[in-house]
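Here is the structure we will look at, set down as structure tokens.
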Amino acid sequence: MKRFKKKPKVKFTKKKTEKSLLELYERKFIEQFKLLTFPLFMLHVAIFVGTLGYMIISDVYTGTANFIDAFYMTIITIGTIGFGEIAPATDTPLGRIFTSFLALSGIGIFTTSVTVVIRTIVSGNIIELYKIVIMLKDIQNLKDHVIICGYNKTSAWLARTLKERKLDFVVIDDTSSALEYIHKHNIRYFISEDPIKRSTLESSNIRKAKVLIANLEDDARNIALIVTARLIVPSKEELAIYTFASTDGTAEKMEELGANKALVSNKILATRLASYIFHTGSGYIADLLDKIAFGEVSDVDILEYKIEESSPLVGKKLKDIDLRRIYRISVIAIRRKDGYIDINITGDTQIDQGDTLIIFGSTKNLRNLEKIYKEVVK
Amino acid sequence: MKYKKILTDFFMLMAFTTTLSFVFNPNPYELVIATFANLSATILKLGEGRILSTEMTAASFVADVHLLPATFIYFWLGDVQESVSLAVGAVAANIVSIILAIIEAILASFYEED
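Protein chains in written order, with numbering that gives the first Met the number 0: chain W, 0 to 377; chain L, 0 to 113.
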């Protein structure tokens, strides 16, 4: 006899996936309308009872049930307008008794409902939530943007520089003090959530971002952020992560964990101060180069252009490409494949594969060059 | 027992039955009650976070958009035939609403509560 194996009972279970912030805020936005349900329903019932009542009274006394008159009579009664007994048969004893009861119950319902509805819309979160939903949708359309996690004075300066350079950036910080400054500094894209959460980083469109700044003022939190970001985008080329560390040792560990560069802020300040001490004779030049390197001068810049295998520049001499005449920019040095920096360059210097050209010029001309060569290499 | 769900489902069915009865027997009271029930169902569906709530609210809005003009055409223009044909459209929207509610009830019973 053939034996049948008992099939296990199939159970459907909800997939436990972390919802995106956009979905959560959309849900919150829709749920705000729940607050309107009860007052609207009560108002609706009052209008219905009044309309139907006047229709019946009119039908009893005149033989016709006029909906429009009955509806109008109800509205002017519960709306406390009180134009008098306008609808047919409302001046009869039955009509007056009904109007009295409708006014007693309807006026209360009307005023309460209208107050609740207006308060929910005006002072509630509906408008605020709608703005957040729209902003989160806009963030999903960003590309090559910068994500700044933690909004303190350093981040505020960075945001200002990025704004000047017209680069899109998203600020993530969940502290109330940061939120206050974010509004004050008119930051366009911000997410008021914990930056360490995966869903928050996903909502900042991290997969299409170019740079992430981990500036949470705490080594442990910065490490947690770097690890979470690297779990989403493992490649250091696709997403550059820059962070701050309190010591050199921590900075090393952060770089091992996935940060492209961990800066020790006190060390940077000291180095910069030292540069002023060492270049007292030529303070202006040192300051200018410093400012260019740190991006404080927006119309002049230094660009690093790596020569790939497919680049049309491989094997060419600098005089052949004549960047100075065509693009009004200058190659000031070449970093060779082995790390050697060649500063004694002439027109006869040859460009090899793996070299990095260090180009100096106006920001606009450098951008033009970048755009044209990207298309050529494609 | 979810009382709001009972109330919503009650008005949803009520909307369907009263609209259907108006189609078969055009009567001013039937039309007013049908419009009230449809609007009630729509209000109660607002802000619902159920599985197919978006689709159900949309279907409910369709029924309202049919019934409100039907009411004014009936009482203002006195065109009973036109308001009945609009009410038929509302019946179709209500049928869709009810089917969606049934699908949602089945889906909800399959999902385990966390």
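Note that the Cβ used here is the ideal one computed from N, Cα and C, for glycine as well.
Do the segment 28-46 of chain L and the segment 60-79 of chain L touch if we need at least three Cβ pairs shorter than 8 Å?
-> The segment 28-46 of chain L makes contact with the segment 60-79 of chain L; the number of CB pairs closer than 8 Å reaches 3 or more.
Using a Cβ-Cβ cut-off of 8 Å, state whether L:G120 counts as contacting chain W.
-> No information on residue 120 of chain L is available, as it lies outside the stretch 0 to 113 that chain L covers here.
In terms of DSSP beta bridges, what is W:Y241 paired with?
-> According to DSSP, which records beta bridges pairwise, W:Y241 is partnered with W:I212, W:K260.
Mark W:F70 as exposed unless 16 or more other C-beta atoms lie within 10 angstroms of its C-beta, in which case mark it buried.
-> Looking at its Cβ environment, which holds 16 or more other Cβ atoms inside 10 Å, W:F70 is buried.
Please classify L:E47: is it buried, with 16 or more other beta-carbons within 10 angstroms of its beta-carbon, or exposed?
-> Residue environment: L:E47 is assigned as buried (16 or more neighbouring CB atoms within 10 Å of its CB, all protein chains considered).
Using a threshold of 8 Å, state whether the C-beta atoms of W:I146 and W:I212 are closer than that.
-> Taking the C-beta atoms as reference points, W:I212 is found nearer than 8 Å to W:I146.
Beta-carbon contacts of W:I371 that lie in its chain and below 6 Å, excluding the five residues immediately before and after | Cβ within range, chain order: n/a, list empty.
Is W:F109 closer than 8 Å to W:L42 when the C-beta atoms are compared?
-> Yes.
At which residue ranges does the segment 56-85 of chain W contain complete alpha helix (DSSP H) runs of 4 or more residues, listed in the order of the chain?
-> Listed in chain order, the alpha helix (DSSP H) elements of length 4 or more contained wholly in the segment 56-85 of chain W are 66-77.
Cβ neighbours of W:S122 in the same chain (closer than 6 Å, five flanking residues each side left out) | Answer for W:S122: no residue qualifies.
Could you please give the first and the last residue of the uninterrupted alpha helix (DSSP H) stretch that includes W:D300?
-> Here W:D300 belongs to no alpha helix (DSSP H); instead the beta strand (DSSP E) covers 299-305.
Could you check which residue in L:S82, L:S96, L:F21 has the C-alpha nearest to that of L:T56?
-> Selected option, being the one with the closest Cα: L:S96.
Would W:Y339 be called buried (16 or more neighbouring beta carbons within 10 Å of its own) or exposed?
-> Exposed: under 16 other Cβ atoms inside 10 Å.
So is W:D382 buried or exposed if we call it buried at 16+ other beta carbons inside 10 Å?
-> In the structure displayed, chain W extends from 0 to 377; residue 382 of chain W sits before or after that span and is not available.
In terms of DSSP beta bridges, what is W:T89 paired with?
-> According to DSSP, which records beta bridges pairwise, W:T89 is partnered with nothing at all.
Would DSSP call W:I125 helix, strand or coil?
-> Three-state DSSP puts W:I125 in a helix.
Under a Cβ-count criterion, where at least 16 other Cβ atoms within 10 Å of its own Cβ denotes burial, should W:M0 be classed as buried or exposed?
-> In this prediction, W:M0 scores a pLDDT of 46, lower than 50, which makes its location untrustworthy; the coordinate-derived value is nonetheless stated afterwards. W:M0 sits exposed, since fewer than 16 C-beta atoms from the chains shown fall within 10 Å of its C-beta.
Starting from the beta carbon of W:T36, find every residue of chain L whose beta carbon is closer than 7 Å, and list them in chain order.
-> One finds I42, L43, L45, G46 in chain L with Cβ atoms closer than 7 Å to the Cβ of W:T36, taken in chain order.
Cα separation between W:Y180 and W:R206?
-> Taking the straight line from one Cα to the other gives about 27 Å.
Cα-Cα separation, W:E127 to L:T7 = Straight-line spacing of the CA atoms in W:E127 and L:T7 works out to 29 Å.
Sequence-distant residues of its chain with Cβ nearer than 6 Å to L:P27 (five each side left out) | Closer than 6 Å at Cβ, skipping near neighbours: no residue.
Backbone CA spacing between W:L368 and W:L268 [nearest angstrom] = Cα-Cα distance, rounded: 33 Å.
Unbroken alpha helix (DSSP H) run spanning L:S52, endpoints = Counting along the chain, the alpha helix (DSSP H) containing L:S52 begins and ends at 52-71.
Helix, strand or coil for W:I147 per DSSP?
-> The answer is strand: DSSP assigns W:I147 an E or B state.
Cutoff 8 Å: W:L93 Cβ touching any chain L Cβ = Residue contact check for W:L93 against chain L: no CB pair falls below 8 Å.
Taking DSSP as the reference, what is the three-state secondary structure of W:Y326?
-> If DSSP states are grouped into helix, strand and coil, W:Y326 belongs with coil.
Would you kindly check if the distance between the Cβ of W:L256 and the Cβ of W:V226 is under 8 Å?
-> Closer than 8 Å, so yes.
Under 7 Å by beta carbon: chain W residues contacting L:T70 | Those are F66, listed as they occur along chain W.
Can you list the residues of chain L that W:M54 reaches, using a CB-CB cut of under 8 Å?
-> Simply P27, Y28, V31.
Length-filtered (3 minimum) beta strand (DSSP E) runs lying within the segment 171-208 of chain W | Counting whole runs of 3 or more residues, the segment 171-208 of chain W contains the beta strand (DSSP E) stretches 188-190.
Report the residue from W:D173, W:L141, W:I342, W:I186 whose alpha carbon sits nearest the alpha carbon of W:K162.
-> Closest by alpha carbon: W:I186.
W:F28 and W:Y188: beta carbons closer than 8 Å?
-> In this structure, W:F28 keeps its C-beta atom at 8 Å or more from the C-beta atom of W:Y188.
DSSP three-state assignment for W:R334, whether helix, strand or coil | W:R334 falls in the strand class under three-state DSSP.
Who are the neighbours of L:S39 on chain W, taking C-beta pairs under 9 Å?
-> Neighbours of L:S39 on chain W, chain order: F40, H43, V44, F47.
Would DSSP call W:I357 helix, strand or coil?
-> Note: W:I357 maps to strand in three-state DSSP.
Whole-Å CB distance - W:I240 paired with W:E201, under 8 Å assumed | The beta-carbon distance between W:I240 and W:E201, rounded to whole angstroms, is 16 Å. This is too long to meet the 8 Å contact definition.
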